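According to this note's numbering, the sequence shown is numbered sequentially starting from 8.
Glycine included, C-beta positions come from ideal geometry on N, C-alpha and C.
Because the structure is a prediction, the values reported are computed rather than measured.
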Amino acid sequence: MNDRTEQMDDLQLVALPTAVGCTEMFVRFSATEWNLRPMRDAAAQAGRALAAAVVGAVDQSSAGMLTARIRVAGPDLVIEIETPRVVRTPAIPDGPRVGVTELGDGRYLLWASLPLPGGMNASAVPLPRRQRRPSPAAAIEAAREPVNDDGDDVMQRILFGLSNTQDRHRR
């Protein structure tokens with residue numbers, strides 16, 4: 008069996024209660040983008056449960072950053088949440104293929120693995136091919152004739168803007 012990761016996305020969030028909903032949206036978006044719509048709800052629910060378990064284990068006064076990760080590997084869609092710094096052992100959410108792995112130094116990786124639909128393998132998932140390309144607005148700007156500027160004019164405008172901002176705050 009080939010367990011090679013074909014696609015992966017991750018997102019860093021402050022480990023506060025708002026991270027739970029953000030993780031759910033992130034997982035839902037990724038599953039949609041990867042043409043795994045039939046799995047979208049189950050994956051989003053798993054991501055939400057994992058994020059809630061991590062947020063529940065974090066000291067809210069010094070939350071730190073958690074990493075939410077989703078990847079297509081082998082026959083599975085894998086959702087992972089990596090805890091920030093040192094936390095107490097998070098509770099493992101209910102589910103048939105979920106777990107927690109200790110990373111050392113009081114850090115943990117919570118994961119959930121969902122089988123791809125129809126016995127599909129990761130290499131068969133129609134993933135988007137990403138490439139860096141400018142936005143339409145940036146392309147229009149780049150097509151315009153460049154303005155000759157020796158840099159002094161830019162610095163003068165920045166300094167003028169800063170001095171005006173400081174005058175407004177003094178009043």
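Identify whether residue i lies in helix, strand or coil by the three-state DSSP scheme.
i      : result
Gly28  : helix
Gly126 : helix
Asp48  : helix
Asp83  : strand
Gly102 : coil
Val107 : strand
Leu43  : coil
Arg114 : strand
Residue i lies in the beta strand (DSSP E); which residues open and close that run?
i     : result
Arg76 : 72-80
Gln14 : 12-21
In angstroms with no decimal places, state the Cα-to-Cα distance between residue i and residue j.
i      : j      : result
Arg175 : Met46  : Confidence at Arg175 is low in this model, with a pLDDT of 49, below 50, so the placement of that residue is unreliable and no value is reported for it.
Ala80  : Val34  : 15 Å
Gly71  : Arg151 : 43 Å
Thr30  : Gly126 : 26 Å
Arg178 : Met162 : Legend: pLDDT at Arg178 = 48, less than 50; position of this residue unreliable, no value from coordinates given.
Gln32  : Val132 : Correcting the residue identity first, residue 32 is Met in this sequence and not Gln. Approximately 20 Å between the Cα atoms of the pair.
Pro223 : Ser142 : Absent from the model: residue 223. The displayed extent of the chain is 8 to 178, so no value can be given.
Val107 : Ala145 : 43 Å
Asp112 : Arg44  : 37 Å
Ala26  : Arg76  : 13 Å
Ile147 : Ile165 : 24 Å
Ile102 : Ala53  : One detail in the question is off: residue 102 reads as Gly in this sequence, not Ile. Computed Cα separation, rounded: 9 Å.
Mind checking which residues open and close the alpha helix (DSSP H) that includes residue i?
i      : result
Pro143 : 143-150
Answer yes or no: do residue i and residue j have a C-beta to C-beta separation smaller than 7 Å?
i      : j      : result
Ile88  : Val61  : yes
Ala129 : Glu40  : no
Leu73  : Ala22  : yes
Asp83  : Pro24  : no
Ser37  : Asp10  : no
Ala64  : Arg95  : yes
Thr90  : Arg114 : yes
Open item on the list: So, does the segment 114-121 touch the segment 162-169, judging by three or more C-beta pairs under 8 Å?
Closed with: no
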